[in-house]
Structures are given as C-alpha cells and as structure tokens.
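S.K.:
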Amino acid sequence: MQYSNDASLTDSALLQRFQALDGFLLEHRSLWTPKPFTQLELPWEKDLPELAAWLRQRTIEDADAVHNSPELLQAPAPFPDIAARAAELSLIDALPARPLGKLPNQLTVDVPGRKWQQIEAFASSLSFAQPPRQWLDWCAGKGHLGRLLARDGKPLLSLDFDLALVQEGQRLSDRLHLDATHRQQDVLAPGTGVHLNGEHTAIALHACGDLHVRLLQQASQRGCRQLAIAPCCYNRIDGETYSPLSHAARSAKLSLSKEDLRLPLIETVTAGARVRRQRDASMARRLAFDLLQRTIRGSNDYLSVPPVPPTWLAKPFADYCRELAALKGIEVPAATDWAALEAAGWQRLAEVRNLELVRGLFRRPMELWLLLDRALFLAEQGYSVSLGSFCPPQTTPRNLLLLAERT
Ligand SMILES: C[S@@+](CC[C@H](N)C(=O)[O-])C[C@H]1O[C@@H](n2cnc3c(N)ncnc32)[C@H](O)[C@@H]1O
0 MQYSNDASLT
10 DSALLQRFQA
20 LDGFLLEHRS
30 LWTPKPFTQL
40 ELPWEKDLPE
50 LAAWLRQRTI
60 EDADAVHNSP
70 ELLQAPAPFP
80 DIAARAAELS
90 LIDALPARPL
100 GKLPNQLTVD
110 VPGRKWQQIE
120 AFASSLSFAQ
130 PPRQWLDWCA
140 GKGHLGRLLA
150 RDGKPLLSLD
160 FDLALVQEGQ
170 RLSDRLHLDA
180 THRQQDVLAP
190 GTGVHLNGEH
200 TAIALHACGD
210 LHVRLLQQAS
220 QRGCRQLAIA
230 PCCYNRIDGE
240 TYSPLSHAAR
250 SAKLSLSKED
260 LRLPLIETVT
270 AGARVRRQRD
280 ASMARRLAFD
290 LLQRTIRGSN
300 DYLSVPPVPP
310 TWLAKPFADY
320 CRELAALKGI
330 EVPAATDWAA
340 LEAAGWQRLA
350 EVRNLELVRG
360 LFRRPMELWL
370 LLDRALFLAE
380 QGYSVSLGSF
390 CPPQTTPRNL
400 LLLAERT
C-alpha cells in the first residue's frame, strides 16, 4: 500500500481505508469487546443464536484448525459476510524486497534463526527514494538489525536501556570494525530527542507500544529524514486508554482501552504442539476453577487469579483447585465432583476457543487501524508514507512495516 502526503488521491486512500476500518470496528464492537474466557455467555449470543450454538458444539481441534485464518470458517450468518469484509479491509501488499547479497558469517552467528529471518526481511524491505546517510536503531537490543544495515559503511547509533545488551552490541560491532555507537538510553526519558537529527534514518523492529510511539513523535520533531517501524505490543502503554496520534483518529468515534489493544496480539501461529498442549491444559484448569468459584461464591463474575508456575499442572486437579482457592481465600466444599468439574473445564475451553474465532476476525482490522493512525500522523508531519508486510506471518505475526520519508 503506497501513500504519499503530496498527492491528494493517495492521501485520501490512506484516510479512506482508516475511516472504513473505523466504521467497521465501531459497527461490530459488540462482537469483539466481550471476552469468552471471562464471560459465560456473550451479549451478542442472544442476537445471533444460530451462530453461537454452531460455534459452541465444535471441538478444540476444530477451533485450532482455523485459528490463524478465521475468515475461512463456513459458519452461519452473519459470520461469512463479516469475515469477507474484514479480509477486504485488511488487504495489504507485501513491500517490494531486494536481495541483500552474501552476508558475512560474523553478522549472523549470534542471532537466533527466526530473529535473523525477521531482521533480513526488514532490511531487504527498506526502499527509500534517497539513500540513507546515518542509521539510528531504536530499542535495538544488541543492535543486530542496525549492524546489518551499517555494513554499508554509514554511521550507526544504537539505543537501548539494557546495559548488558548495549555492551554486547558494541563488542559485536567493533569485531566487524563498523562505525557504530551503542548507547545505553531510556528512550522514554526526557531529552532523548537530542540523539536524533535530520541525517538519521530511524529504524525500530518490534519496539513495544509507547516505545515506538515515542520514536514517531521524536523523529518527526527532530526532522529525521526517514523512518522504518515494525510495531508490536500495542497494549504496552502508560495510560488506560489509547491516545490517537493523527487528526483522523483523534476525531474518530472509536476509542480503545488498554484491554482492547490486546486483540491484535492474540495469535499463536508460532507455538509448537507441546507448548500448545500445555497451554490448553492450563487454560482448561483455569476455566474449571472459574466454574467452581462462581458456584461457591454464588456470583456470575470472573475472578482473576494470579499466574501459577507450570509445575502446578503436575498436581492432581483437586489439589490445583484447592490451592488456587486458598490463594483467593475461598473455601472448597468437600463434596466437589472433581471429575465432572475437570471435564466441564475442557468443554468450556472448546467453547471459548470457538467463540474467540468471532473476535479473531477483528484482529487484523484493528492492527491496521492502529498502523494507519501512525501512517496518517507521519503524513501530517510532512512524510510520504508506505505501509506493507515485510515477511510472512509465520516469521512473525507482527509483520507490518511502516516506511516514511520526508518529502
Ligand atoms: C522486543 S525487543 C526488540 C529488540 C530489537 N529491536 C530486535 O528486534 O531484536 C525490545 C527492546 O526494547 C528495549 N527497551 C525496552 N524499554 C526500553 C526503554 N524504555 N528505553 C530503551 N530501550 C528499551 C529492550 O531492552 C529490548 O531490547
């Protein structure tokens, strides 16, 4: 998707998509806000009983089979129509990629396989009209991405607040004789802006919520010539509600809570079978405990419980529930039918997973809404902007990249 702030047509395409997504998310808010994990019955089920009943009779395996592409599910109306609209509004092109050529072994040896794939894909998707002059790697960790880019001989400034990562990054850059400075810096601290200037191409791979938002603000204020940002963890923000960046989002009707911002992140394409089994067992137990606590307390409210170590899964089910109950100061009746309760937990997990598929339809639209808010903000600040995916979702589900260049 290419947008430019100096061409009114593409400008309006940017805005049009944002407004269409805004309307879509707003119209269907009742479908994506309530969480099946914490509510026994969702308010929308009364309005759509056929869809709800159909979803509730499916198995965990049925749900898992379409988890990553819920739009493919042939469910009763209005699911298919909503799914088609969600897919249409989420359509986004892959950014054009250029091969990086043969890379020195020393660049890659210290980087885990999937991380390296992300880094290579990010670097090969950077197509700016003007060649970069200096690199600024924001929340860089050890600075692997910046190092890959700085092999072009341009200076690199790499910022991160973790001293051990900064020191290791400096060591790795020195080993390659790069013109690189790795600096320990809390990017949220006042005065971080002094490190940014108009010569910089600022890059950020998976800087969470407030961290990449701060880069957008600082880089545009300090006049950085180019930016490349692949955001993640939109919910890692200081406030309880999302603060829109662009004029369009500030005047939009949709407002998002911190909890809402978790929706784009619910995606487990990368988890292996063993991890999934363990996660299922843990969730089934939590859901069973939830049924138990509702009965004991005579309340239909979800009770949040603290995370427990995975070793708790090895405990007999009854002990697990009793100890969790003790943590919450709840007394468990002696006559509890543990086998029935455990089975009810698994049944609830199957229902939760399938009902979640409805929310799943809105993951990508919300992520794109958030990305477009960032894109519109940069366009307002005088950048020409392009937005696309830089790798397949199997490499990372957070695969959207925002490129911006001062016009
Ligand atoms: C998900 S990692 C991404 C690292 C690197 N960009 C990559 O893709 O490998 C996020 C990084 O942000 C850094 N970080 C977190 N909070 C920060 C802050 N307030 N200031 C600077 N760096 C921060 C962490 O130390 C971590 O290295």
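Numbering-wise (numbering that gives the first Met the number 0), the sequence shown opens with residue 0 and increments by one.
Think of the CB as a built atom: it goes at the ideal place given N, C-alpha and C, for glycine as much as any other residue.
Just grab the DSSP bridge partners of T310 for me.
M.R.: In the DSSP output, where bridge partners are listed per residue, T310 has none listed.
S.K.: Please tell me whether, using a cut-off of 7 Å, the distance from the CB of D21 to the nearest non-hydrogen atom of ligand 1 is below it.
M.R.: Checking every heavy atom of ligand 1 against the Cβ of D21, none is found closer than 7 Å.
S.K.: Does the count of Cβ pairs from the region 174-183 and the region 202-221 closer than 8 Å reach three?
M.R.: Judged by Cβ distances under 8 Å, the region 174-183 makes no contact with the region 202-221, as fewer than three pairs qualify.
S.K.: At which residue ranges does the region 126-211 contain complete alpha helix (DSSP H) runs of 4 or more residues, listed in the order of the chain?
M.R.: Segments of the alpha helix (DSSP H) lying fully in the region 126-211: 143-148, 162-174.
S.K.: In the DSSP assignment, what are the bridge partners of L226?
M.R.: Answer is A201, A403, bridged to L226.
S.K.: Between which two residues does the alpha helix (DSSP H) harbouring P77 extend?
M.R.: Run containing P77: none; DSSP gives neither H nor E here.
S.K.: Nearer than 7 Å: is that true of the beta carbon of L407 relative to any heavy atom of ligand 1?
M.R.: Coverage of the chain is limited to positions 0 through 406, which leaves residue 407 absent and any answer about it impossible.
S.K.: So is the beta-carbon of L158 under 7 Å away from any non-hydrogen atom of ligand 1?
M.R.: Yes - ligand 1 has a heavy atom lying nearer than 7 Å to the Cβ of L158.
S.K.: Look at the alpha carbon of S256 and the alpha carbon of L24, and state the distance between them as a whole number of angstroms.
M.R.: If I take the Cα positions, the gap works out to 14 Å.
S.K.: So what's S7 in DSSP terms, helix, strand or just coil?
M.R.: Because S7 sits at a pLDDT of 31, beneath the cut-off of 50, its placement in the model cannot be relied upon, and the point is left open.
S.K.: Run the proximity test for V186: is its beta-carbon closer than 7 Å to any non-hydrogen atom belonging to ligand 1?
M.R.: Correct: V186 has its Cβ closer than 7 Å to ligand 1.
S.K.: Which runs of the alpha helix (DSSP H) fall wholly inside the region 17-75 and span at least 4 residues, in chain order?
M.R.: Within the region 17-75, the complete alpha helix (DSSP H) runs of at least 4 residues are 28-31, 43-46, 48-55, 59-65.
S.K.: How many angstroms separate the CA atom of Q166 from the CA atom of Q216?
M.R.: Straight-line Cα distance between these residues: approximately 27 Å.
S.K.: Taking 8 Å as the threshold (C-beta atoms), are N353 and D61 in contact?
M.R.: Taking 8 Å as the Cβ cut-off, D61 and N353 qualify as a contacting pair.
S.K.: Use the C-beta contact count for H470: other C-beta atoms within 10 angstroms, 16 or more gives buried, fewer gives exposed.
M.R.: Residue 470 is absent from the model: the chain starts at 0 and stops at 406.
S.K.: Bridge partners for C390 per DSSP, in chain order?
M.R.: The partner list for C390 (beta bridge, DSSP) is empty, contrary to what the question assumes.
S.K.: Please confirm whether S89 and R363 have their CB atoms less than 8 Å apart.
M.R.: Against a cut-off of 8 Å, the Cβ pair of R363 and S89 comes out as a contact.
S.K.: For ligand 1, I want to know if G140 counts as a neighbour, meaning its beta carbon is within less than 7 Å of at least one of the ligand's heavy atoms.
M.R.: Indeed, a heavy atom of ligand 1 lies less than 7 Å from the Cβ.
S.K.: How is A93 classed by DSSP in three states: helix, strand or coil?
M.R.: In the structure shown, A93 sits in a strand (DSSP, three-state: E or B).
S.K.: Between Q225 and P131, is the Cβ-Cβ spacing less than 8 Å?
M.R.: Against a cut-off of 8 Å, the Cβ pair of P131 and Q225 comes out as a contact.
S.K.: So, helix, strand or coil for S123, using DSSP?
M.R.: Reduced to three states, the DSSP call for S123 is helix.
S.K.: Per DSSP, what kind of secondary structure is T335 in: helix, strand or coil?
M.R.: DSSP places T335 in coil when its eight states are reduced to three.
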